[in-house]
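Following the numbering used here, the numbering of the sequence shown begins with 15 at its first residue and continues without gaps.
Positions of the beta carbon are idealized from the N, C-alpha and C atoms, including for glycine.
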Amino acid sequence: MIFNDTYFMKMAFREAEIALEKDEIPVGAVVVLNNMVIGRGHNLTQTLQDVTAHAEMQAITAATNHIGAKYLNDCTLYVTLEPCVMCAGAIGWAQLGKLVYGATDPKKGFSLIKHNILHPKTLVTGGIMEEECSQILTEFFNKKRK
Numbered sequence: 015m016i017f018n019d020t021y022f023m024k025m026a027f028r029e030a031e032i033a034l035e036k037d038e039i040p041v042g043a044v045v046v047l048n049n050m051v052i053g054r055g056h057n058l059t060q061t062l063q064d065v066t067a068h069a070e071m072q073a074i075t076a077a078t079n080h081i082g083a084k085y086l087n088d089c090t091l092y093v094t095l096e097p098c099v100m101c102a103g104a105i106g107w108a109q110l111g112k113l114v115y116g117a118t119d120p121k122k123g124f125s126l127i128k129h130n131i132l133h134p135k136t137l138v139t140g141g142i143m144e145e146e147c148s149q150i151l152t153e154f155f156n157k158k159r160k
């Protein structure tokens, strides 16, 4: 089996599909350590009535609980949408080793701010499964606007 960014992004995309089934904004995330998923999450902001219940936050909390530590510097976070500033701050505080995201977020993505809020050693890769990750969000919001 080949473990690469696309393989794990497909797992994050499955989390986005679970969010969609719950009528949540379809964003999903997984945290990986040594080719093993140690945390997963999807948006739960409506379900929990909690604006901080983003997919990344759910996955980071699950991962830190799994390893029993607050730092995830040997881990990679895969998320279907570019993290917002709040989530990027959490990624920075968790000192994640790598961030991989699918679709960019031109309205609320962390890359809109001028200063890097991620940990300085965090590697960033964007655009993995970008088309699929963008499409599920576009379709969700189009249905909401009808």
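Where residue i falls: helix, strand or coil (DSSP)
i: residue 89; result: coil
i: residue 158; result: helix
i: residue 68; result: coil
i: residue 103; result: helix
i: residue 52; result: strand
i: residue 110; result: coil
CA nearest to the CA of residue i, picked from the options
i: residue 74; options: 53, 154, 87; result: 53
i: residue 69; options: 125, 48, 38; result: 38
i: residue 44; options: 100, 55, 85; result: 55
i: residue 124; options: 95, 77, 48, 27; result: 95
i: residue 103; options: 83, 66, 36; result: 66
i: residue 120; options: 86, 77, 99, 138; result: 99
i: residue 133; options: 18, 62, 85; result: 85
i: residue 83; options: 97, 110, 36; result: 110
i: residue 15; options: 71, 49, 61; result: 49
i: residue 101; options: 57, 29, 71, 156; result: 71
i: residue 31; options: 156, 158, 146; result: 146
i: residue 127; options: 135, 148, 97, 137; result: 97
Continuous alpha helix (DSSP H) stretch holding residue i: start and end
i: residue 23; result: 19-35
i: residue 62; result: 59-62
Contact belief for residue i with residue j at Cβ below 8 Å, rounded distance in angstroms
i: residue 46; j: residue 27; result: Not quite, the Cβ-Cβ distance comes to about 14 Å (not below 8 Å), so this is no contact.
Where the beta strand (DSSP E) containing residue i begins and where it ends
i: residue 136; result: Here residue 136 belongs to no beta strand (DSSP E), and DSSP marks it neither H nor E.
i: residue 43; result: 42-47
- Is there contact between the stretch 138-155 and the stretch 105-120, where contact requires at least three CB pairs shorter than 8 Å? Taking a contact to require three or more Cβ pairs closer than 8 Å, the stretch 138-155 and the stretch 105-120 qualify as touching.
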